[in-house]
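In what follows, a structure is listed as structure tokens, so that the remarks can point back to it.
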Amino acid sequence: MKQFSKLTYIKQQRVMAALFLAVPLILVAVFGYLPFLNMVEYSFLRWDGLSKKEFVGLANYRDALTRVENFRVFFVSIYYFGASFVQLGIALFFATVLSFKIKGQSFFKGVLFFPNLINGVAIGLIFLYFYKDTGTLNTFLRMIGIESKVLWLTDPKLVNYSIAATSVWRYMGYNMVMFLGAIQSIPTEIYEAAEIDGANKWQIFWRIIFLSILPIIELMVILSITGSLSVFETPYIMTGGGNGSETFVIRTVNTAFSFNKFGLASAMAMILSVIVLFVTFVQNKIFKERG
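If you read the sequence shown in this note's numbering, its first letter stands for residue 1, the second for the next number, and so on.
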């Protein structure tokens, strides 16, 4: 009887676990995999969103891959690629400093993480006015005696640097929290033993902190690099992709909703997905071989 009750209880646990898992799995399937499968289907069609769908096979892929301007915009990702390493470096610095007891530690953690809580559209609008010709930054420069009017968002030579800097400000706090959590998981006994052995601050950072959190650093590098290939929100809000700031995702969105070429846009999205997966695979391979 007891064995029967135990089996019944185990079955109930399994049923409850399955029910709890069913809800998120259904949501992922409906809002994740189903739209993806629809996009795969649209990539083989010529469709403007209203008229009859026409099957064209690989024509959309051929069209997307033979247009030089589609891949020229990938050069814009280089700015975000460079900014991602700056962002990771700054995040690691602050995480290391804040992992030790300092005055106002909690305050600084909150201040640095706060930008990550702001909506991306709001951040785009904030920095749109910050970089404006008569905005906060130029006003500050005039206050300190720099009278030249810098066109941060209209000068093609500066626009991508300006938007990339915005991304650094936005995502640095998130990376800092990730690094901070990893650093705080290191046993304090290791630090004490290193200090007894006469290790200086740099040796403690390089030999203990950096090597201990290396898997987290590798993960953040992968996410940052793949994210730099699919930037959309900030440049779209701030410039609409103008003045040389257009990314591949912005071009894809414009192809779909400005030119009503949903089939071609779906093919472009599929190409980007393959590129991101390939880059992620290469990075994982490199990190595993290094390990």
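Glycine is no exception: its CB is placed at the ideal position from the N, C-alpha and C atoms.
Checklist entry - In three-state terms, what does DSSP make of residue 142? => result Reduced to three states, the DSSP call for residue 142 is helix.
Next on the checklist: Tell me the rounded alpha-carbon separation between residue 250 and residue 283.
Outcome noted: 25 Å
Checklist entry - Where do the N-terminal and C-terminal ends of the alpha helix (DSSP H) with residue 109 fall, by residue? => result First-last of the alpha helix (DSSP H) with residue 109: 105-113.
Next on the checklist: On a Cα-Cα basis, can you pick out the residue from 243, 244, 238 and 233 that is closest to residue 253?
Outcome noted: 233
Checklist entry - On the premise that residue 95 lies in contact with residue 180, defined as a C-beta separation below 8 Å, what is that separation, rounded to the nearest angstrom? => result 4 Å
Item to check | residue 2 burial status per 10 Å Cβ neighbour count (16 or more: buried) | outcome: The pLDDT assigned to residue 2 is 49, lower than 50, so where the model puts this residue is not dependable; a value taken from the coordinates is nonetheless given after this. It counts as exposed.
Next on the checklist: Mapping the DSSP letters down to three states, classify residue 54 as helix, strand or coil.
Outcome noted: strand
Checklist entry - I think residue 138 touches residue 150, with their Cβ atoms under 8 Å apart; what is that distance to the nearest whole Å? => result 6 Å
Item to check | Sheet register partners of residue 45 (DSSP bridge) | outcome: 55
Checklist entry - Is it buried or exposed for residue 267, if we count other Cβ within 10 angstroms and need 16 for buried? => result buried
Checklist entry - Between 255, 155 and 265, which lies nearest to residue 133 when the distance is taken from Cα to Cα? => result 155
Checklist entry - Taking Cβ positions, are residue 153 and residue 129 nearer each other than 8 Å? => result no
Item to check | Three-state secondary structure (DSSP) of residue 152 | outcome: coil
Item to check | residue 246, DSSP secondary structure in three states | outcome: Reduced to three states, the DSSP call for residue 246 is coil.
Checklist entry - Measuring CB to CB, does residue 124 end up less than 8 Å from residue 237? => result Yes, the pair counts as a contact, with Cβ atoms nearer than the cut-off.
Checklist entry - Taking the alpha-carbon positions, what's the residue 158 to residue 165 distance? => result When the Cα atoms are used, residue 158 and residue 165 turn out to be separated by approximately 11 Å.
Checklist entry - Going by Cα to Cα distance, which pick from 196, 214 and 244 is closest to residue 69? => result 244
Item to check | Residue burial classification, residue 62 (beta-carbon count within 10 angstroms, cutoff 16) | outcome: exposed
Next on the checklist: Looking at the secondary structure, which residues open and close the alpha helix (DSSP H) in which residue 82 lies?
Outcome noted: 77-98
Checklist entry - What is the rounded straight-line gap between the Cα of residue 235 and the Cα of residue 273? => result 20 Å
Checklist entry - Tell me which same chain residues have a C-beta within less than 7 Å of the C-beta of residue 57, skipping the five on either side of it? => result Only residues of its own chain outside the window of five on either side were considered, and among them 44 have a CB closer than 7 Å to the CB of residue 57, listed in chain order.
Checklist entry - Would the C-beta of residue 102 count as close to the ligand ADP, meaning under 7 Å from any of its heavy atoms? => result You won't find the ligand ADP in this model; it holds no ligand whatsoever.
Next on the checklist: Using the three-state DSSP reduction, which class does residue 254 fall into: helix, strand or coil?
Outcome noted: helix
Checklist entry - To the nearest angstrom, how far is it from the Cα of residue 172 to the Cα of residue 213? => result Roughly 17 Å between the two C-alpha positions.
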